[in-house]
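Just so it is clear: in the sequence shown, position 69 is 69 by the UniProt record's numbering, and no numbers are missing.
Idealized CB from N, CA, C, for every residue including glycine.
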Amino acid sequence: MRIAFTGDLHVDISQRNWELVPYMSEVLKIIDPDIFIIAGDISPELGDIEYCLDCFANLRCHKLFVPGNQDIWVLSDEMQRQGHDSYEKYYFYLPELCRRNGFIPLWMEPFIYGGIGFIGNIGWHDHAGAGSGEGEFLKSYRYLLDSIWNDMRWACWSDISMMAEGNSPPVRRPDYEVAREFNLRLDQDLENFAHDQSVKEVVVVTHYPPFSELSIVGMPFPGSRDTETILFSHPKVSISISGHIHDRRDALVRGIRAIRCSVGYITRDQGKYQDVVKNCLEVIHLIDRDDFLPKAQA
């Protein structure tokens, strides 16, 4: 089984990011994977997300999507005051965009193909991990700090119970509550796969990195420590795919292969699109373990 994936396309950032998407689609037609995954952060604008998903709509493979933090932003104080929030995008608008363009909204619909279970969600942060304090982080990762500040303003997970008591929107739930909610859903979905004998192993897709080993030195851990605990507690989990940090990583964390491959903010000095795609589109191969077992004698 061939699985191709990318993340952090950020088509709203620059013309080069926008133009990379149809080019990447043509490359994927040549690769012809069985599964194609986008690990979040296309754009805060629904129209941009539709453009991106539509570019990949004609691929013959199964297509999976998990939102990133920027995909759920509500970029209008007035809209937030009217009661529009990130839950509305996460549970209504984004799933509808996915289905309309041939993508499976993985956080809503866990998927099984060839004995492999695919599961995931945004994987929110809870600020519980201080991260490594060794040295200063590179200026190229400054966007991670900007992301924290932007989440505080534009990520609006409404507290319905507080609003029901007469508080005017927006009334936000704290990040640790949101992270716990999504972690509980992830754990339940993994538990369902644990009892499904047709699922031999599981690929987990989150936008935020689930493991501290995927952090940046000098930066707070941009995820939830509880997520990695959940993944470690389910033996069928073999691969973790994530995004958010704009680099390429491939590490083995306590038996789980943790991979990240993001586009990020494309600059003019990054060369031709074919060179960019080499660094932001990963293809992995999963081989049925039964293929290595000796065949039974007749």
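Practice task
Go ahead and pull the three-state DSSP assignment for R153.
Solution key: Residue numbering aside, residue 153 sits at position 153 when the sequence shown is read from its first letter. DSSP places R153 in helix when its eight states are reduced to three.
Practice task
Enumerate in chain order the residues of its own chain whose CB-to-CB distance from D126 is below 6 angstroms, with the five nearest sequence positions on each side excluded.
Solution key: As a working note, residue 126 is residue 126 in the sequence shown. Closer than 6 angstroms at the Cβ level, and outside the excluded window around D126, lie D175, Y176, A179 and S224.
Handout entry: Where the alpha helix (DSSP H) through Y51 begins and ends
Key = If you number the sequence shown from 1, residue 51 lands on position 51. Run containing Y51: L46 to C55, per the alpha helix (DSSP H) assignment.
Handout entry: C-beta contact flag for P44 and D71 at 8 angstroms
Key = Along the sequence shown, read from residue 1 onward, the residue named residue 44 stands at position 44. Along the sequence shown, read from residue 1 onward, the residue named residue 71 stands at position 71. Taking C-beta atoms as the reference points, P44 and D71 count as a pair closer than 8 angstroms.
Handout entry: Counted within 10 angstroms of its Cβ, other Cβ atoms place A251 as buried (16 or more) or exposed
Key = The sequence position of residue 251 within the sequence shown is 251, counting from 1. Within 10 angstroms of the beta-carbon of A251 lie fewer than 16 other beta-carbons, which makes it exposed.
Problem - Closest Cα partner of L184 within the set W73, G40, W107 and P67 - result: Looking up residue 184 in the sequence shown gives position 184. Among W73, G40, W107 and P67, the Cα nearest to that of L184 is on W107.
Problem - Any beta strand (DSSP E) of 3 or more consecutive residues that is wholly inside the segment 158 to 203 - result: Scanning the segment 158 to 203 from its first residue to its last, no whole beta strand (DSSP E) run of 3-plus residues comes out.
Problem - Nonlocal neighbours in the same chain, by C-beta distance under 7 angstroms from V253, ignoring five residues either side - result: Position 253 of the sequence shown holds residue 253. Once the five neighbours on either side are set aside, the close Cβ partners of V253 are F211 and E213.
Problem - Simplified DSSP assignment, three categories, for N279 - result: Sequence index remark: in the sequence shown, residue 279 carries index 279 (1-based). It is helical.
Practice task
Give the single residue among N17, L145 and H62 whose Cα lies nearest to the Cα of V277.
Solution key: Numbered from 1 along the sequence shown, position 277 holds the residue referred to as residue 277. In terms of CA proximity to V277, N17 leads the group N17, L145 and H62.
Practice task
Would you give the residue range spanned by the beta strand (DSSP E) that L64 belongs to?
Solution key: Taking the sequence shown and counting its residues from 1, one reaches residue 64 at position 64. Residues H62 to F65.
Exercise for the section: Work out the CA separation of P170 and D159 for me, nearest whole Å. Expected result: Taking the first residue of the sequence shown as 1, we reach residue 159 at position 159. Taking the first residue of the sequence shown as 1, we reach residue 170 at position 170. Rounded to the nearest whole angstrom, the CA to CA distance from D159 to P170 is 8 angstroms.
Exercise for the section: Can you check DSSP and say which residues form a bridge with V237? Expected result: Taking the first residue of the sequence shown as position 1, residue 237 is located at position 237. V237 pairs with V202.
Problem - Host beta strand (DSSP E) of P105 (start-end) - result: Position 105 of the sequence shown, counted from the first residue, corresponds to residue 105. Run containing P105: F103 to P105, per the beta strand (DSSP E) assignment.
Handout entry: L75 burial status per 10 Å Cβ neighbour count (16 or more: buried)
Key = Counting from one through the sequence shown, the residue named residue 75 turns up at place 75. Exposed, because fewer than 16 other Cβ atoms sit within 10 Å of the Cβ of L75.
Exercise for the section: Let me know the secondary structure DSSP gives D250 once reduced to three states. Expected result: Numbered from its first residue, the sequence shown carries residue 250 at position 250. Three-state result, D250: strand.
Exercise for the section: Taking the CB atoms as reference points, tell me whether L97 and L46 lie closer together than 8 angstroms. Expected result: The count along the sequence shown starts at 1 and reaches residue 97 at position 97. The count along the sequence shown starts at 1 and reaches residue 46 at position 46. For L97 and L46, yes; Cβs fall inside 8 angstroms.
Exercise for the section: Please state if the CB of I42 and the CB of V11 are separated by a distance shorter than 8 angstroms. Expected result: Your numbering for residue 11 matches position 11 in the sequence shown. Your numbering for residue 42 matches position 42 in the sequence shown. Going by beta carbons, V11 and I42 fall inside the 8 angstroms limit.
Problem - Which listed residue (P222, P209, V263 and G264) has its alpha carbon closest to that of I239 - result: Along the sequence shown, one-based indexing puts residue 239 at 239. When P222, P209, V263 and G264 are compared, the shortest CA-CA separation from I239 is found for P209.
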